[in-house]
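Visitor: Numbering (the numbering used here), first residue to last: 43 to 163. Where is the CB? At the ideal position from N, CA and C, for every residue including glycine. Source: prediction; values computed, not measured.
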Amino acid sequence: MPPASRDHARIERRLIAALTNACEIAKVEIPGFDWLTHTVDYHAFPQSLRVIWVFDSVASKAHALATGADARMRELTTAALDDADVHVPNIARCVSFDSEEECHLRHGGDWRRRLATLRAN
Numbered sequence: 043m044p045p046a047s048r049d050h051a052r053i054e055r056r057l058i059a060a061l062t063n064a065c066e067i068a069k070v071e072i073p074g075f076d077w078l079t080h081t082v083d084y085h086a087f088p089q090s091l092r093v094i095w096v097f098d099s100v101a102s103k104a105h106a107l108a109t110g111a112d113a114r115m116r117e118l119t120t121a122a123l124d125d126a127d128v129h130v131p132n133i134a135r136c137v138s139f140d141s142e143e144e145c146h147l148r149h150g151g152d153w154r155r156r157l158a159t160l161r162a163n
């Protein structure tokens, strides 16, 4: 594996471990939160990093955003990225929120397609 690929793999492992911890905390603290994922283009890293927090429904997502839980999710993301030794220029741009319900309605439940569409926007 070329050095850059090894570096990317190391970063990816650190990101997964740190974001998994953030996810487990959020599952306990934030009603309706289900899981999170991330996307990244390592040719444009760290600016391309996106962390997507996924709720079970549109209503759960709306409630979380209306009650300020988005600030907690950004805080958890910041802590996770710090733990992974990843520094993004703008955490607000890095974090987004979605729901299983929206994915089913717009992409037939195909998260790979949905994330590719969101990444292109």
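So, are the CB atoms of A60 and A122 less than 8 Å apart?
Guide: To locate residue 60, count along the sequence shown from 1; it is residue 18. To locate residue 122, count along the sequence shown from 1; it is residue 80. Going by C-beta atoms, A60 is nearer than 8 Å to A122.
Visitor: Excluding the 5 residues preceding and the 5 following T81 in the sequence, name in chain order all residues of the same chain whose CB lies nearer than 7 Å to its CB.
Guide: Along the sequence shown, read from residue 1 onward, the residue named residue 81 stands at position 39. R92, L157, R161.
Visitor: By Cβ distance, which residues of its chain are closer than 8 Å to M43, with the 5 residues on each side in sequence left out?
Guide: Residue numbering aside, residue 43 sits at position 1 when the sequence shown is read from its first letter. Residue placement at M43 cannot be trusted, given a pLDDT of 45 that sits under 50; the coordinates are not used to answer.
Visitor: Please report the straight-line C-alpha distance between D76 and D140, rounded to a whole angstrom.
Guide: Walking along the sequence shown from the start, residue 76 turns up at place 34. Walking along the sequence shown from the start, residue 140 turns up at place 98. For D76 and D140, the distance between alpha carbons rounds to 10 Å.
Visitor: So, with DSSP's three-state summary, where would you put F159?
Guide: To locate residue 159, count along the sequence shown from 1; it is residue 117. For clarity, residue 159 is Thr in the given sequence; the question names Phe instead. Note: T159 maps to helix in three-state DSSP.
Visitor: Assuming D140 is part of the beta strand (DSSP E), what are its boundary residues?
Guide: Here residue 140 corresponds to residue number 98 of the sequence shown, with the count starting at 1. That run of the beta strand (DSSP E) goes 137-141.
Visitor: What is the DSSP secondary structure of V70, counted as helix, strand or coil?
Guide: Looking up residue 70 in the sequence shown gives position 28. Helix.
Visitor: Can you give me the start and stop residues for the alpha helix (DSSP H) that T120 sits inside?
Guide: Position 78 of the sequence shown, counted from the first residue, corresponds to residue 120. Element bounds for T120: 111-125.
Visitor: State the Cα-Cα distance for the pair K69 and R48, rounded to the nearest angstrom.
Guide: Taking the first residue of the sequence shown as 1, we reach residue 69 at position 27. Taking the first residue of the sequence shown as 1, we reach residue 48 at position 6. Rounded to whole angstroms, K69 to R48 spans 31 Å at the Cα level.
Visitor: Tell me the DSSP secondary structure of V100 in three-state form.
Guide: Here residue 100 corresponds to residue number 58 of the sequence shown, with the count starting at 1. Here V100 sits in helix by DSSP.
Visitor: With S90 and D98 assumed to form a contact (beta carbons below 8 Å), what rounded beta-carbon distance in angstroms separates them?
Guide: The residue given as residue 90 occupies position 48 in the sequence shown. The residue given as residue 98 occupies position 56 in the sequence shown. Contact doesn't hold; Cβ gap of about 27 Å is too wide.
Visitor: What did DSSP end up calling H129 once you bin it into helix, strand or coil?
Guide: Along the sequence shown, read from residue 1 onward, the residue named residue 129 stands at position 87. If DSSP states are grouped into helix, strand and coil, H129 belongs with coil.
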